[in-house]
Amino acid sequence: MLQCTAVTLLPPDALLRLIAPGVDDPGDPEPYVLCELGEHNGQHTEHAAFLRPGRTPDSPAQWFFWTGGGPERVHRTDRAPWCPALLRRLGTDVVRRCAFFDHHPASHSWDVEDPLGDLIAERLVPDDSPEGGPCP
Ligand SMILES: [Zn+2]
Ligand SMILES: [Zn+2]
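The opening position of the sequence shown corresponds to residue 1119 in this note's numbering, with each subsequent residue numbered one higher.
Below, the structure is given as structure tokens:
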């Protein structure tokens, strides 16, 4: 399944939260975010972009959810627990976690093809994950 193509501009309040004092290195907050889910109906189902992780890899991460676009856009910033789904590779002990939030629409992250989004995938995979990003 292909990745949803929705893109939106982060509102100032969500951006501020990303760069709030006391936050661990937020990197370079990008005002534009992409929906990271597999293709879904954006009229009725919220798009979602990962903002930043929780305090531990297991704690709920912060996501930006929105529906519609332009002046019609409705959005919220919220913490969401991770999707509990795991993908176990046959023949190896590698277990991959779904990189989306619990009860997300469409496919789990490993079934979403993202032609442009290696950068985003890197951000989603926790450092201590068995699949921790591309080899140097
Ligand atoms: Zn979407
Ligand atoms: Zn999932």
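Where a beta carbon is used, it is the ideal one built from N, C-alpha and C, also for glycine.
Cβ-Cβ separation between residue 1182 and residue 1195: approximately 5 Å, consistent with a contact (criterion under 8 Å). Taking C-beta atoms as the reference points, residue 1193 and residue 1184 count as a pair closer than 7 Å. Going by C-alpha positions, residue 1211 is about 46 Å away from residue 1190.
The residue from 1224, 1172, 1149, 1230 with its alpha-carbon nearest to that of residue 1131 is 1149.
A Cβ-Cβ separation of about 14 Å leaves residue 1224 out of contact with residue 1152 under the 8 Å criterion.
Those residues having their beta-carbon less than 5 Å away from any non-hydrogen atom of ligand 2 are, in chain order, 1201, 1203, 1216, 1218, 1226. Per the C-alpha coordinates, the member of 1226, 1222, 1220 positioned closest to residue 1205 is 1226. Residue state for residue 1188 is assigned as helix, using DSSP reduced to three classes. Under the 10 Å beta carbon count, residue 1221 is surrounded by fewer than 16 other beta carbons and is classified as exposed. Annotated as distal: residue 1160 and residue 1203, with beta-carbon spacing of 7 Å or more. According to the DSSP secondary-structure assignment, residue 1231 is paired through a beta bridge with 1120. Of the candidates 1229, 1198, 1165, 1128, 1198 places its Cα closest to the Cα of residue 1175. In this structure, 1167 is the residue among 1216, 1188, 1213, 1167 with its C-alpha nearest to the C-alpha of residue 1136.
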